Amino acid sequence: MQELIRRRRRAGFVGRRAELADFRRNFTTEPDDERRRFLFNIHGDAGVGKTLLVEQFQRVARDDAGAMTARADEKSEGLVATLESVVRQLAPGSAAKQFDKALASYRHQLRDAQAPADSAAEGSSAAGRIAAGVGLAVVQSLPVVGPLAGAVSAQEVSQAAHRVGALLNERGHAADIAPFGPAETLTPPFVELLQRLSREVPWLALFFDTYERTEVFLGTWLLDLVEGRYGDLPANLVVTVAGQHRLPPGAWAPYLDAMEYLPLLPFTEEEARRLLADKGVTDPPVVEVILAVTGRLPVLVATLAESRPGDISQVGDSAGDAVDRFLKWESQQSRRSAALACALPRTVNQDVVDVLLGGQSAVELYEWLRGMPFVQDDAGSCHYHEVVRTAMVRLERTRSPQRWRAQHRQLERAWRGWRDEQHQDTTEGWWDPQWQDCAVEEVYHMLCGQRDGVLAEALHAAVRAAEVGPVMARRIAEAIVQAGEDSATPQVRLIGRTLAATVQNESQDCSAFLGLLLEDGRLDGTHQVAALSERAWLHQLANRLEQCLEDVNSLVALEPENADPLVRRGVVLRLMRRHQDSLADLDRVLTQAPDNAQALIQRGLTFEASGRDAAALADYDGAVHAAPGHVGARIYRARLLCRKGLLPEALAGFDEAAARHPNSVWVLLERAECRFAADQIDEALDDLRRALALEPDKARVHARRGFLLCRLGHAAEAIQAFDLALDADPTDAWARTWRGWAYFRLNQDEAALEDLERAVELSPDGEWQAAARGWVRWGAGRYEEALPDLQRAVSLDPDYAWAWAGLALTSLWLGRPEEAHEALSRAAQSWSRNAPYAQELADRAFRLLERHHQRDDEVLRGAARAASAWLAQTRWDGIRSLALPLLARGRLSLLRDSVALLRYTRSVIRAHPDTGPLYGETVAALVDTVVRELPEARSDEPAG
15 MQELIRRRRR AGFVGRRAEL ADFRRNFTTE PDDERRRFLF NIHGDAGVGK TLLVEQFQRV
75 ARDDAGAMTA RADEKSEGLV ATLESVVRQL APGSAAKQFD KALASYRHQL RDAQAPADSA
135 AEGSSAAGRI AAGVGLAVVQ SLPVVGPLAG AVSAQEVSQA AHRVGALLNE RGHAADIAPF
195 GPAETLTPPF VELLQRLSRE VPWLALFFDT YERTEVFLGT WLLDLVEGRY GDLPANLVVT
255 VAGQHRLPPG AWAPYLDAME YLPLLPFTEE EARRLLADKG VTDPPVVEVI LAVTGRLPVL
315 VATLAESRPG DISQVGDSAG DAVDRFLKWE SQQSRRSAAL ACALPRTVNQ DVVDVLLGGQ
375 SAVELYEWLR GMPFVQDDAG SCHYHEVVRT AMVRLERTRS PQRWRAQHRQ LERAWRGWRD
435 EQHQDTTEGW WDPQWQDCAV EEVYHMLCGQ RDGVLAEALH AAVRAAEVGP VMARRIAEAI
495 VQAGEDSATP QVRLIGRTLA ATVQNESQDC SAFLGLLLED GRLDGTHQVA ALSERAWLHQ
555 LANRLEQCLE DVNSLVALEP ENADPLVRRG VVLRLMRRHQ DSLADLDRVL TQAPDNAQAL
615 IQRGLTFEAS GRDAAALADY DGAVHAAPGH VGARIYRARL LCRKGLLPEA LAGFDEAAAR
675 HPNSVWVLLE RAECRFAADQ IDEALDDLRR ALALEPDKAR VHARRGFLLC RLGHAAEAIQ
735 AFDLALDADP TDAWARTWRG WAYFRLNQDE AALEDLERAV ELSPDGEWQA AARGWVRWGA
795 GRYEEALPDL QRAVSLDPDY AWAWAGLALT SLWLGRPEEA HEALSRAAQS WSRNAPYAQE
855 LADRAFRLLE RHHQRDDEVL RGAARAASAW LAQTRWDGIR SLALPLLARG RLSLLRDSVA
915 LLRYTRSVIR AHPDTGPLYG ETVAALVDTV VRELPEARSD EPAG
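Sequential numbering from 15 applies to the sequence shown in the numbering used here.
Here's what the structure looks like:
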């Protein structure tokens, strides 16, 4: 049926000969010919035939030039759907494996980002976001020692965009997660596919129709694509963009000589007469009436020609518009009624027609309707051309307002029923594409039906749509806009337009959208809580903690008897480093409910952040007792034990977690870390292999494997693992930073800096990225370039010990001793967690550096570079094999002073076991290693 309809449309195509000739000629022009065009822009008012011309262009490209073609229009909601549609047309089946892998990873991560992460927790909070916080918060306690202990931001529950980042560790490394945009993830494999296909066919031709509706998400992307941001486009690619407005010459100025604007106007009189003649309409009075009432607009000329009036008696006078005329000239009443009734829904299929018309004739009428020139067919469903639908909707509404509203209410009930058939659970339903389609149409029809209170219902749906993301939010907003226009309700139209303006592309979050809904005042209590909760979450994950706290305060006020908002506020206050305030909220919850596992875990995390490890362990014990099946409680407890050096107890805890959750990748990755610390390398690698078997395409698993290999000293193998992680998710800033660090370990400074430059682009507010690039630049002797990076890192996180240490070295080597001493003091305070010996440690370290950095410049710089490059290695092979031999090459006084500093560090750490740095005992054990490895350093003889 569809092919028959397409043949009829092609057979009836007249006019636009010059445009077709230009397009056809372009395929015979050499690439370096100045007349060659790479982009065509068809533009003109609704109804002038843009879509039909695009179809003809696609036929010419495919049949005449042998091009591989693909077309997308407004039916693809968002960039992701557009790219998927184009790829499926270009490479059906499994011919686009890299794109498919990136798409699957993107969708999995997006769902992870939106849903509570700790799904295995018992008794998850009603708010859901507390569970997510428990599942993700504080990853700083990874078993990494030395200054890099504060640098790590591990991928606990996938690189789920900026939604996960703020909870990844106590230092709030939200910036370690790149802004979650589909363009960066999906376009590079898309361009790679185009490049591959371009070698197999003479031409590639892409067509983007109804651009006036898709520009909100395609506009910037298309410019970036042409500019080469995602890779070089093939020379045999031709792109056609069709919409009501021409592409702005200002933005497209660099490409004007390679593109052609094709403005479409209504038919000339000659073209209109030719179409009418082809349809058998030749009687002069009839032709004159058609020309008068249609304004020679192609869609209307074709529509009236379809009735084939034979003489003036069938025409009557020339009063009325083209739609009136079409309805008058259609001889069958059933068809006239069907055309009007089916104009009300935005999407028409056989089910919709059955609801509106009923009876056996509905099938016949639907087939007739699909063959009309004003109906655009798409694989079983169809929709009216905008010009015709607008006129018919207006005609029906003004002719019988009551019937018009009743029909919309009938359609509202139908779409709700079809929605419920997909999912009874609305929470799950909002994630199902078919359910979403039904929900959007239900909102449109409920607003047109104008029942009491429907606007509030529509805004409630908008809240739930915002929880899914900006694409879904925009769909609901656009449905509200169209309902306002079709029902002639300016207030509804304005609300929809205002909402839509806040979610113009997928890279925006929905915080402004939710803000408008909250300000509107129509949300009931349940949806106020939902909107505030979601907006607080978005603020938190974008590191807008002050705004987040405001929203959480509002949640506490709205639900004073509910513990969840208080627990959540405790999380936010901890992220703001307001530990005492955080503890106050969590204590308040636990006073009322001592077995609240969520509150116990969050208080344990706050105790850890403030250096009170014993209290943290007690809370984790309490959480495990209160909720034995809570995977997070067991992991945090075991992780703390591992960090404290209590490895048998830690491993027992991880084993218990694995027994309860055998398919938990989180458990496997954490146990691998602990086994690594316990020198159970084979077992750790086995856990990683099991994690890869469970999630072979997940970037975070490959990235964690690379992280462990890096710490083992296997930098080359680590790079291979990071390559796989970045293949799965090119926007993974954490993996890219660590790959750069692995290159640094191999003394491949240029490759390291290339990765770190990209990591900083992906995560411009990432202190880890800035500090890593600063350290690499320092190691390469580029001190002036290193300084702003390290200054940036400490401005982003004033407690970042590793960055302060790099800044101290950089300042000293730049001849700024006072600044170096201050930076070293800040490093010691942060690293030791404000232990009482922090300043004395800093002073001793500074005296060593100040005394030796000029006399033993090369040795000290080489040792510091080696130590910084290998510092994350628990087993310290790098220290033994690189740093210490370098020190041994220096003066004896340097060696003795260095050993004396390490001995002092060991003594104060062991003298203050309840305070001091994370992994303090490991640092102390390092000194033992130094003494064993350097017998000549054992002497207590003062340095000369």
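No residue lacks a Cβ here, since even glycine has one placed at the ideal position from N, Cα and C.
The structure displayed is predicted, hence computed values, not measured ones.
E274: member of the beta strand (DSSP E) spanning M273 to P277, first to last residue. Per DSSP, the continuous beta strand (DSSP E) segment holding C396 begins and ends at S395 to Y398. For H57, DSSP records a beta bridge to G257 and P277. By the Cβ neighbour-count rule, E560 is exposed, with fewer than 16 other Cβ atoms within 10 Å of its own.
Of the residues F54, A629 and R243, the one whose Cα lies closest to the Cα of F222 is F54. L908 is a Cβ neighbour of V873, given a cutoff of 8 Å. Rounded to whole angstroms, the Cβ separation of V645 and W680 is 7 Å, and the two are in contact under 8 Å.
With respect to the C-alpha of Y275, the residue from F281, W266 and S119 having the closest C-alpha is W266. In this structure W755 does not touch A717 by the C-beta definition: roughly 12 Å separates them, more than the 8 Å allowed. By the Cβ neighbour-count rule, L97 is buried, with 16 or more other Cβ atoms within 10 Å of its own. Boundaries of the beta strand (DSSP E) around A84: A81 to A86. Beta-bridge pairing by DSSP links D246 to no other residue. Between V482 and E91, the gap from beta carbon to beta carbon reaches 8 Å or more. Of all alpha-carbon atoms in T361, N363, R360 and S375, the one lying nearest the alpha-carbon of S351 is that of S375. Residue pairing by DSSP puts F222 in a beta bridge opposite A86 and V255. With a 10 Å radius around the Cβ and a threshold of 16 neighbouring Cβ atoms, K111 comes out exposed. 8 Å or more divides the Cβ of G584 from the Cβ of Q542. About 7 Å separates the CB atoms of E622 and L654; that is less than 8 Å, so the two are in contact. Nearest to W789 by C-alpha distance, out of L821, D391 and E548, is L821. DSSP, read as helix, strand or coil, puts D737 in helix. When DSSP reads this structure, D392 sits in a beta bridge with S395. DSSP, read as helix, strand or coil, puts W217 in strand.
If you draw a straight line from the Cα of A502 to the Cα of L383, it is about 26 Å long. Going by beta carbons, A785 and A817 fall inside the 8 Å limit.
Remark: C-beta atoms of P196 and E520 approach each other more closely than 8 Å. Under the DSSP assignment, T620 falls in the alpha helix (DSSP H) whose first and last residues are A611 to A623.
Under the 8 Å Cβ criterion, the region 448-464 counts as touching the region 415-430, having at least three qualifying pairs.
Close CB contacts of R704 within its chain, under the 7 Å cut and outside five residues either way in sequence, are with L682 (chain order). Note on geometry: alpha-carbon atoms of L220 and R753 lie some 36 Å from one another. Under a 10 Å Cβ-count criterion, H866 is classified as buried, with 16 or more other Cβ atoms of the shown protein chains found around its own Cβ. Nearest in C-alpha terms to D451, of all of S596, G625, N557 and A479, is A479. Nearest Cα to R102 within the set Y120, M82, R121 and R759: M82. Cβ contact annotation for A739 (same chain, cutoff 7 Å, sequence separation greater than five): A713, H716, A717, G720, D746 and A749, in chain order.
A straight-line Cα-Cα distance of about 17 Å links C724 and L706. Two segments are said to touch when three or more pairs of C-beta atoms, one from each, lie closer than 8 Å; by this definition the region 292-301 does not touch the region 70-84. In this structure, the CA atom of Y757 is about 50 Å from the CA atom of Q436.
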